[in-house]
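Quick note: the sequence shown uses the working numbering, first residue 3, plus one each step.
Glycine is no exception: its CB is placed at the ideal position from the N, C-alpha and C atoms.
Reading through the structure tokens given below for one structure.
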Amino acid sequence: MKKLRWATFALVFVAIGAIPSPAHAADQPVAVVATVDGRAVEGAGSNDPVKLWPMETTEVVLTVTNTSDRDLTIRRARLFGEAFDLTFVAYDAVIDVDLPAGATKEIEIPVEFIDLEKQATGLLPGGFSVYDDNREVVGEQRFVIDVRGSATSALGLFGIFTMVATAAGIVGIVVAVHRRTLGPNRVRRAVRFAFVGLGVGLTLVVGLAVFRVVAPSGTVWIPLTLLPTVAGAALGLVSPGALAIDDEDEDDDIEPEVLEAQEGELVGSGSADG
């Protein structure tokens, strides 16, 4: 049992450590400086995001500089918005611009945000990426976007579903604790509580984004989901189990050494009676 508990917590931390880190612009051969409707996007954060409106045509200007010693071809540019390392907003434009080593070019791209209201709403970490002819990102500029979408967008529905599922999980746990019908296995209780804690964290993160408080960057959503998950697992371990536990479930929580000792005593007493 102890080994299984430690393994559960170890898996949580391994999963967090396995989250990929975003590529840094300094490692990319193309420097990108963007403006949206004449506004420079550099430094746009949660307090002053770049607003995107559905069904409007926005003038985007990308100034790209090849800082490498090799010639490049910029095939495609993308405007993106993401959360939880998932892309919710994406608009691509084919540009096909040759960019010799050391050269700087200005690219004007009109973007019409069709179906933007169905993709997301609220604050999102986003930016512009440019791709070479191998479909690899060779440069990007990141900033926070404010999507003026609908509550029934993909992100909005994700938040609603998470909130409903979490509320149902909390009600189920409260009822089970009150009736003392939680399972006798501590690890299973910990996993059940951990999933509810994860739901609480996800609901909080999406709520903060939708209500335009803070964008769900990695420094925000990782701790806000990790802490409730770990706290839920801890509560599950110490929560009261069922009042009536059958013999089979009792054996699950008894150490193997204790079971062997009990069996030895039974065998010894049987021999003495004979």
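In the DSSP annotation of this structure, the continuous segment of the beta strand (DSSP E) that includes G83 starts and ends at L74 to A85. In this structure, DSSP gives L229 a helical state, which the three-state scheme calls helix.
In its chain, beyond the 5 residues on either side, P31, V32, A33 and G104 have a beta carbon closer than 8 Å to the beta carbon of T69.
In the DSSP secondary-structure assignment, Q30 is not bridged to any residue.
Look at F160 here: in three-state DSSP terms it is helix. Annotation for R72: A103 place their beta carbon closer than 7 Å to its own, counting only its chain and skipping 5 residues before and after. A95 and I76 do not touch by the CB rule: their CB atoms are close to 11 Å apart, not below 8 Å. Fewer than three beta-carbon pairs drawn from the stretch 164-178 and the stretch 129-149 are found closer than 8 Å, and the two stretches are therefore not classed as touching. In the three-state reduction of the DSSP assignment, I224 falls in the helix class.
Beta-carbon to beta-carbon, L210 and T227 are separated by about 12 Å, too far to satisfy the 8 Å threshold.
At the C-beta level, L157 and V222 stay beyond 9 Å of one another. The stretch 158-174 makes no contact with the stretch 125-142: fewer than 3 CB pairs, one atom from each, lie closer than 8 Å. Between the C-alpha atoms of T205 and E119 there is a straight-line separation of about 20 Å.
G124 is the residue among A236, F195 and G124 whose C-alpha sits nearest the C-alpha of D50.
A Cβ-Cβ separation of about 6 Å places G234 in contact with V198 under the 8 Å criterion. Ranked by Cα distance from V208, the options A196, G45 and I224 are led by I224.
Assignment of V212 by DSSP, reduced to helix, strand and coil, places it in the helix class. Cβ-Cβ distances below 7 Å link V216 to S48, L125, L210 and V222 in the same chain, with the five nearest sequence neighbours on each side left out; the list follows chain order. Beta-bridge annotation (DSSP): V149 is paired with L54 and G124. With a beta-carbon spacing of about 5 Å, V113 and T60 fall inside the 8 Å limit used to define contacts.
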